[in-house]
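J.: Residues 1 to 93 in UniProt numbering are what the sequence shown lists, from first letter to last. Note that beta-carbon positions come from the ideal geometry of N, C-alpha and C, so glycine has one too. In this text the structure is predicted, and so the values were computed from the model without any measurement. Here's a structure for you.
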Amino acid sequence: MVGIAEMRPVQRLNLALLVSRMSGSPAGTVVLRVHVDETGKVLRTSVLEGEATPRMDGAALGAMRKMKFAPFIENGRAIPVTVIVPLHFPALG
Numbered sequence: 001m002v003g004i005a006e007m008r009p010v011q012r013l014n015l016a017l018l019v020s021r022m023s024g025s026p027a028g029t030v031v032l033r034v035h036v037d038e039t040g041k042v043l044r045t046s047v048l049e050g051e052a053t054p055r056m057d058g059a060a061l062g063a064m065r066k067m068k069f070a071p072f073i074e075n076g077r078a079i080p081v082t083v084i085v086p087l088h089f090p091a092l093g
């Protein structure tokens, strides 16, 4: 497992769009487990911890599935990895 700080996104998460869909939601954090293949493609995502609402969980999962990363290199080769990604949602009125 690697932390999100060890990954290089090729396609960034559109947090503005994600947050705009959460109007009226309380603040919360969703921690995702993201399986990334050796090419940097997101294969699977799941909620590891969710103190947020099911709506936030779904938005976080959907947004993360659209992400693309540079391949993770270890000992000179690209390898598949599992990444832990915390997403923090502000309270919105």
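#1: Which same chain residues end up closer than 6 Å to Val31 when comparing Cβ atoms and leaving out the 5 residues on each side of it in sequence?
#2: Using C-beta distances below 6 Å, list every residue in its chain close to Ser46, excluding the 5 sequence neighbours before and after it, in chain order.
#3: Return yes when the Cβ of Gly3 is within less than 8 Å of the Cβ of Ile84, no when it is not.
#4: Would you kindly work out how many angstroms separate the C-alpha atoms of Gly76 and Glu6, rounded to a whole number?
#5: Could you name each continuous alpha helix (DSSP H) segment of 4 residues or more that falls completely within the UniProt domain "TonB C-terminal" (2-93), going from the start of the chain to the end?
T.: Quick look at the numbers:
#1: Leu48, Glu49, Pro86
#2: Arg33
#3: yes
#4: 15 Å
#5: 15-20, 54-65
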